[in-house]
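Undergrad:
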Amino acid sequence: MKRDYNYFTIVLLIIIIATHVYLVAVQALDLENEEMKKFYIGAKGYVSDEVWYVDAARNILRKLFGLQPKQIHCCNATLVYSTKNDAFKASLIASQYGVTVLSTSFNKINAIYVHSNNLSALDLFAKMTNASDVVYGWILGDTEGINTYMNLEHPPMAKYIIALSMILLGDRPFYWRIPSIIMGSLTVIISFLIAKKITGSNELSLIMASAIAVDPLTRNLASIALLDIYVAAFTALAILLAIYGKYKASILVLGFASTFKFTALLAFLPILLLYISNIIREGRKKFVEVFSKSVELLTLALLSFIFFQLLVSIPIIFRLGIDTWLNQSILGAISWHLRIKCVGSECPVASAPWDWFFGLNSFPLYIYSNGVTIYAQGFVPAYLLSFILAILTIAYRKFNSISKRPWILLSGFILAYIILWLAGSRTQYSFYAVQLTPYVYIYLISQLYEYIWRENIVKTFVEWKNVFERIWQIILVILS
Numbered sequence: 001m002k003r004d005y006n007y008f009t010i011v012l013l014i015i016i017i018a019t020h021v022y023l024v025a026v027q028a029l030d031l032e033n034e035e036m037k038k039f040y041i042g043a044k045g046y047v048s049d050e051v052w053y054v055d056a057a058r059n060i061l062r063k064l065f066g067l068q069p070k071q072i073h074c075c076n077a078t079l080v081y082s083t084k085n086d087a088f089k090a091s092l093i094a095s096q097y098g099v100t101v102l103s104t105s106f107n108k109i110n111a112i113y114v115h116s117n118n119l120s121a122l123d124l125f126a127k128m129t130n131a132s133d134v135v136y137g138w139i140l141g142d143t144e145g146i147n148t149y150m151n152l153e154h155p156p157m158a159k160y161i162i163a164l165s166m167i168l169l170g171d172r173p174f175y176w177r178i179p180s181i182i183m184g185s186l187t188v189i190i191s192f193l194i195a196k197k198i199t200g201s202n203e204l205s206l207i208m209a210s211a212i213a214v215d216p217l218t219r220n221l222a223s224i225a226l227l228d229i230y231v232a233a234f235t236a237l238a239i240l241l242a243i244y245g246k247y248k249a250s251i252l253v254l255g256f257a258s259t260f261k262f263t264a265l266l267a268f269l270p271i272l273l274l275y276i277s278n279i280i281r282e283g284r285k286k287f288v289e290v291f292s293k294s295v296e297l298l299t300l301a302l303l304s305f306i307f308f309q310l311l312v313s314i315p316i317i318f319r320l321g322i323d324t325w326l327n328q329s330i331l332g333a334i335s336w337h338l339r340i341k342c343v344g345s346e347c348p349v350a351s352a353p354w355d356w357f358f359g360l361n362s363f364p365l366y367i368y369s370n371g372v373t374i375y376a377q378g379f380v381p382a383y384l385l386s387f388i389l390a391i392l393t394i395a396y397r398k399f400n401s402i403s404k405r406p407w408i409l410l411s412g413f414i415l416a417y418i419i420l421w422l423a424g425s426r427t428q429y430s431f432y433a434v435q436l437t438p439y440v441y442i443y444l445i446s447q448l449y450e451y452i453w454r455e456n457i458v459k460t461f462v463e464w465k466n467v468f469e470r471i472w473q474i475i476l477v478i479l480s
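Counting from 1, position 476 in the sequence shown corresponds to residue 476 in UniProt numbering; the numbering is continuous, with no gaps.
#1: Pairing CB atoms from the stretch 272-282 with CB atoms from the stretch 308-316, are three or more of them under 8 Å?
#2: In three-state terms, what does DSSP make of tyrosine 417?
#3: Would you be able to state if there are at least three C-beta pairs under 8 Å between the stretch 416-428 and the stretch 440-451?
#4: Is the distance from the Cβ of leucine 240 to the Cβ of isoleucine 194 below 7 Å?
#5: Going by other Cβ atoms of all chains shown within 10 Å of its Cβ, with 16 needed for buried, is glycine 145 buried or exposed?
#6: Are at least three pairs of beta-carbons, each pair with one atom in the stretch 83-96 and one in the stretch 61-68, less than 8 Å apart?
#7: Taking DSSP as the reference, what is the three-state secondary structure of leucine 164?
#8: Output the distance between the C-alpha atoms of lysine 286 and glycine 378, rounded to the nearest integer angstrom.
#9: Under a three-way DSSP split, which group does alanine 264 fall into?
#10: Give the secondary structure of lysine 2 by DSSP, where H, G and I count as helix, E and B as strand, and everything else as coil.
#11: Taking the beta carbon of threonine 437 as the centre, do at least 16 other beta carbons fall within 10 Å, making it buried, or is it exposed?
#12: Are valine 80 and serine 132 touching if we call contact CB-CB under 7 Å?
#13: Leaving out the 5 sequence neighbours to the left and right, which residues in its chain are closer than 7 Å to alanine 77 when beta-carbon positions are compared?
#14: Identify which residue in Asn110, Ala111, Ser116 and Phe106 has its Cα closest to the Cα of threonine 100.
#15: Please check the pair leucine 227 and valine 434, which I expect to be a contact at CB under 8 Å, by giving their CB distance rounded to whole angstroms.
#16: Flag this pair as yes or no: are the beta carbons of isoleucine 340 and threonine 427 separated by less than 7 Å?
#17: In this structure, how does DSSP classify phenylalanine 468 when only helix, strand and coil are distinguished?
#18: So which of Lys197, Gly200, Glu203 and Ser185 has the shortest CA-CA distance to valine 214?
#19: Taking Cβ positions, are serine 362 and serine 430 nearer each other than 7 Å?
#20: Rounded to a whole number of angstroms, what is the C-alpha to C-alpha distance between residue 504 and glycine 321?
#21: May I ask you to report which of helix, strand or coil DSSP gives tyrosine 136?
#22: So does the stretch 8-18 actually touch the stretch 153-171, counting three or more Cβ pairs closer than 8 Å?
#23: Could you tell me the alpha carbon to alpha carbon distance between glycine 332 and aspartate 323, rounded to whole angstroms?
#24: What is the DSSP secondary structure of serine 103, counted as helix, strand or coil?
#25: Got a sec? Which residues, its chain only, sit under 6 Å from alanine 338 by beta carbon, not counting five neighbours each side?
#26: Among Lys459, Thr19 and Cys74, which has the Cα closest to the Cα of aspartate 171?
#27: Should serine 191 and isoleucine 229 be called a contact, given that it needs their Cβ atoms to be closer than 7 Å?
#28: For glycine 45 versus serine 105, is the C-beta spacing smaller than 7 Å?
#29: In the structure shown, what three-state DSSP assignment does leucine 360 receive?
#30: Rounding to the nearest angstrom, what Cα-Cα distance links isoleucine 317 and valine 372 in this structure?
#31: Do you know how far the Cα of tyrosine 443 is from the Cα of serine 403?
#32: Given methionine 208, which residues of its chain have a CB within under 6 Å of its CB, disregarding the five upstream and five downstream residues?
#33: By the three-class DSSP mapping on this structure, what secondary structure does asparagine 151 have?
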């Protein structure tokens, strides 16, 4: 019977993952189709910040590795020119070379987007019209310098993966998004394993996985080629290892996760809190011992970060030099994360970490032709309730309940983002919150499950009563 039950759990998990993949893939294709409908009025196919990461991936592919995206029906390319007049003149004579102009809708870069059935004809056309750059594949985004941009303010790992999808599958929006779809699925699977280890319940873990799989923030970020869904997947893996007590392995995975985006490192705080909690449970409560162990873990995290940043950046270092890489990809990136990135009415909507739980200042990812907007926003009632309960149950944390570790994880992430905000990163965006999504639901559902039993609610109120009584006693001592 137990064995059949385990098979049943696996089947249900597969159904949950399949549902997630279906919902995300449909949205990814829908976004591609929506952009294609608007291609001849200037749409480029990119959704939100995809324009930075995908174009950077394409540039890394050709500039660092000397490769081009896979193209089935020969060749599409964006030809870049020194002046708008040169681009215009080239578009007038393209047909003489057997080249078809697909788009001239560029304002911030002097370029045209063309197609030819013959690679040699396209190369000849580019040469004869004095094109300064030829970028094969999907049309470039309309941004100044985009044909040389490599997004050095973020580590390259996600761009490598996107570039790999261009080589293996081709260069079109849906293909860029397949790695994100995979990362979304991995996030759901790993979240199930985290929940199972914490709660010991297949039923609760399946409920948590289902909630994460259909959460709008998870689905939206898994349907486009942004960095944060990669961060969510690999930090979840680091958390899973920490939950199993494999803290060194957890920190190594965290170092690798940072090669997608530095915000992965914020997971160090919840991992550290779990580590300290584990040390205390083992009976080692002396400050010096706990502090020394914490410093050891921090040192390992720093070494892991340095090692993996160097490892994945070897192609960039060989191309640009270690000084340029260090200044732009490490020191510059740290500075980028700790400053206000954009000021003015044309800037995207920024938010503070607590806004994410109230659905405030949500980042608009895409606006459809009919005016419907996709926001980087989770299911607000669940996020709001988890935030409120996380505060209201602080006094309840003295009890070793199943919600304790989920509470540590969620609170650790929130605190880490608040520290980052206080350190100067006031232009955070709501899509960062996808890193927190698994722990919102794991905590919320485990806490609500505990509160099915009335005595746990009573315990919470009793502990708060004790807290306020102790505060009152301190006040009496001070004032008497």
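Backbone N, C-alpha and C define an ideal beta-carbon position, used for all residues, glycine too. In this text, all values refer to a predicted model and were calculated from it rather than measured experimentally.
TA: If we stick to the structure as given:
#1: With a cut-off of 8 Å, the stretch 308-316 and the stretch 272-282 do not count as touching, because too few Cβ pairs lie within range.
#2: The count along the sequence shown starts at 1 and reaches residue 417 at position 417. Here tyrosine 417 sits in helix by DSSP.
#3: no
#4: Walking along the sequence shown from the start, residue 240 turns up at place 240. Walking along the sequence shown from the start, residue 194 turns up at place 194. Result yes, Cβ atoms of leucine 240 and isoleucine 194 sit closer than 7 Å.
#5: For the purposes of this step, residue 145 is identified with residue 145 of the sequence shown, where counting begins at 1. It is exposed - the Cβ of glycine 145 has fewer than 16 other Cβ atoms within 10 Å.
#6: no
#7: Your numbering for residue 164 matches position 164 in the sequence shown. Correct three-state label for leucine 164: helix.
#8: By one-based count along the sequence shown, residue 286 stands at place 286. By one-based count along the sequence shown, residue 378 stands at place 378. Each residue's Cα considered, the two are about 41 Å apart.
#9: Within the sequence shown, residue 264 is the residue found at index 264, counting from 1. DSSP places alanine 264 in helix when its eight states are reduced to three.
#10: Locating residue 2 in the sequence shown gives position 2, counting from the first residue. Caution applies to lysine 2, whose pLDDT of 45 falls short of 50 and renders its modelled position unreliable; the value that the coordinates give is listed next. Reduced to three states, the DSSP call for lysine 2 is helix.
#11: One-based indexing of the sequence shown puts residue 437 at position 437. With 16 or more other Cβ atoms within 10 Å, it is buried.
#12: Taking the first residue of the sequence shown as position 1, residue 80 is located at position 80. Taking the first residue of the sequence shown as position 1, residue 132 is located at position 132. A contact, by the Cβ cut-off of 7 Å.
#13: Residue mapping note: residue 77 aligns to position 77 of the sequence shown, counting from 1. Here the set comprises Val114, Leu122, Val134, Val135 and Tyr136.
#14: Locating residue 100 in the sequence shown gives position 100, counting from the first residue. With distances taken between Cα atoms, threonine 100 lies closest to Ser116.
#15: Position 227 of the sequence shown, counted from the first residue, corresponds to residue 227. Position 434 of the sequence shown, counted from the first residue, corresponds to residue 434. Taking a contact as a CB-CB distance under 8 Å, the pair leucine 227 and valine 434 does not count as one, their CB atoms being some 10 Å apart.
#16: On the sequence shown, position 340 is the one that residue 340 refers to. On the sequence shown, position 427 is the one that residue 427 refers to. In contact: isoleucine 340 and threonine 427 (Cβ atoms closer than 7 Å).
#17: Reading the sequence shown from its first residue, position 468 is the one you call residue 468. Residue state for phenylalanine 468 is assigned as helix, using DSSP reduced to three classes.
#18: For this step, residue 214 is matched to residue 214 along the sequence shown. For valine 214, the nearest C-alpha among the options comes from Ser185.
#19: Counting from 1 along the sequence shown, the entry for residue 362 is found at position 362. Counting from 1 along the sequence shown, the entry for residue 430 is found at position 430. Yes, these two residues count as a Cβ contact at 7 Å.
#20: Since the first and last residues shown for the chain are 1 and 480, residue 504 lies out of range.
#21: Residue numbering aside, residue 136 sits at position 136 when the sequence shown is read from its first letter. Note: tyrosine 136 maps to strand in three-state DSSP.
#22: no
#23: Locating residue 332 in the sequence shown gives position 332, counting from the first residue. Locating residue 323 in the sequence shown gives position 323, counting from the first residue. Spanning the two alpha carbons is a distance of roughly 11 Å.
#24: Start at 1 with the first residue of the sequence shown, and residue 103 comes out as number 103. Strand.
#25: Position 338 of the sequence shown holds residue 338. Going by the sequence as given, residue 338 is leucine instead of alanine. Excluding positions up to five away in sequence, the list reads Ala423, Gly424 and Ser425.
#26: In the sequence shown, the residue the question calls residue 171 occupies position 171. Its Cα nearest to that of aspartate 171, the residue Cys74 stands out among Lys459, Thr19 and Cys74.
#27: As a position in the sequence shown, residue 191 is number 191, starting the count at 1. As a position in the sequence shown, residue 229 is number 229, starting the count at 1. Taking 7 Å as the Cβ cut-off, serine 191 and isoleucine 229 do not qualify as a contacting pair.
#28: Your numbering for residue 45 matches position 45 in the sequence shown. Your numbering for residue 105 matches position 105 in the sequence shown. No, these two residues do not count as a Cβ contact at 7 Å.
#29: Along the sequence shown, read from residue 1 onward, the residue named residue 360 stands at position 360. Reduced to three states, the DSSP call for leucine 360 is coil.
#30: Residue 317 sits at position 317 when you count from the first residue of the sequence shown. Residue 372 sits at position 372 when you count from the first residue of the sequence shown. Their backbone Cα atoms lie some 43 Å apart in a straight line.
#31: Translated into the one-based positions of the sequence shown, residue 403 becomes position 403. Translated into the one-based positions of the sequence shown, residue 443 becomes position 443. Cα to Cα, the separation comes out at about 6 Å.
#32: The sequence position of residue 208 within the sequence shown is 208, counting from 1. Excluding sequence neighbours, methionine 208 sits near Ala195, Tyr441, Ile442 and Ile445.
#33: Translated into the one-based positions of the sequence shown, residue 151 becomes position 151. DSSP places asparagine 151 in coil when its eight states are reduced to three.
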